[in-house]
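Start counting the sequence shown at -1; every next residue gets the next number (my numbering).
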Amino acid sequence: MNQYFLLLVTLALAVGCGNNTSKKATSDLVKKSESSSYNGTASVSQGIATTITEDIYSCERGRKTDVGEITSTDGKKWTVPAQTNYTNNDFPFSADLFNSCEGKNYATTKEALSNFNDSNIIEIDKEGEIFTAYIFADNYFEMYVNGVAVGKDKVPFTEFNSSIVKFKVQKPFTIAMKLVDWEEHLGVGCEANRGKAFHAGDGGMVAVIKDEQNNIITTTNENWKAQTFYTAPIIDLSCVSEDGNYRYSKNCDTNGGQDGTSFYALHWETPTDWMKTNFDDSNWPNASTFTNQTIGVDNKPSYTNFTSIFDDAENDAEFIWSTNVVLDNEVLVRYTVK
């Protein structure tokens, strides 16, 4: 009787293990099928990246700011959320317009400018004019003028800050910026927020450039060029599409969820000379614009303390990004000031 019982138990375990193996194999087959069904120009990765650098910046009330690496299905390695110059000492930091992480809680532009050190003005042309850029970025930016690094964001993630960048240059000049929406769950573009462990974050950048006479010479608007190079989270690869150099994810689910460990991401290689004046951005899409309400800045003093600049009655700057402010996490933008 005992031998008969042991035989039944053994058979049951064998069947159970067989079922588990079958379920796993089926799951892997589905994932492989979904990945292989994508026929766009991006490299595809799935799941969480490996953390390679922890805490590149710390703020008492800020989110943990790490950097990761992930390998796509075509064998390429990608830095997420982006390859940046944050730890590059040769790339200058911007000055603070508002930075609560470092106690720079300036109430007015005048107060912030009074603390600006003129030795931080980046000279591009000796006979040029000094211009001042006021920038609010969600979350991080690096700014070039005529290919020269002029300023990077001090706070890569949160608390939300705003920045001043001054540079000396002759017109015309070309502004090029790398914009990054940072992430807590590296490789899938997510953070814990609004009751979800894997919530898709959003981006957005607004800038105003003034001359030495305090006149606005340009603001961010739909005339800027913007191209995306990292999109996540993607739950179903069939939701994305491309039309020439337009990379669309507008039909993709942005709801996130409690478990995003199987979410996909799309990666495109950035041109090495994208920040140079002679780079041809004619086939890039124009920037998409977004309202203050969409970006959600009405409760952020790093923005609201300076609405006299960003929301000038006669020259209101607009938030810009690529076509999807939620899913596109690394975006390059360009504009030439005539």
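The beta-carbon is built from N, C-alpha and C at its ideal position, and this holds for glycine as well.
- DSSP, read as helix, strand or coil, puts F317 in strand.
- Across the set V178, T69, T77, N144, the C-alpha of N144 shows the shortest separation from the C-alpha of Q168.
- T302 sits in a helix when the DSSP states are folded into three classes.
- Straight-line measurement puts the Cα of Y333 at about 29 Å from the Cα of V186.
- Taking 8 Å as the cut-off, the beta carbon of F96 is found no closer than this to the beta carbon of N243.
- DSSP places N290 within a helical segment (H, G or I) once states are collapsed to three.
- Judged by DSSP in its simplified three-state form, L111 adopts helix.
- Note on geometry: alpha-carbon atoms of E58 and E182 lie some 16 Å from one another.
- Three or more Cβ pairs closer than 8 Å define a contact, and the segment 107 to 117 falls short of that threshold against the segment 71 to 78.
- Residue environment for I50: exposed (fewer than 16 other C-beta atoms within 10 angstroms of its C-beta).
- Taking a C-beta distance under 8 Å as the contact criterion, P90 and N118 qualify as a contact pair.
- Look at I162 here: in three-state DSSP terms it is strand.
- Residue environment: K164 is assigned as buried (16 or more neighbouring CB atoms within 10 Å of its CB, all protein chains considered).
- Rounded to whole angstroms, the gap between the alpha carbons of K62 and E125 is 43 Å.
- Taken atom to atom, the span from the alpha-carbon of I307 to that of F171 is near 22 Å.
- By the C-beta density criterion, T226 is buried, having at least 16 other C-beta atoms within 10 angstroms.
- Apart from sequence neighbours up to five positions away, the residues of its chain that approach A198 with a beta-carbon distance below 7 Å are G187, C188, P231, T252, G254, V324, L325, ordered along the chain.
- A direct Cα-Cα distance of roughly 9 Å separates V206 from D314.
- Its chain contains no residue whose beta carbon lies nearer than 7 Å to that of D278 once the 5 sequence neighbours on both sides are disregarded.
- The closest CA to that of D64, considering only I173, W180, A174, is found on W180.
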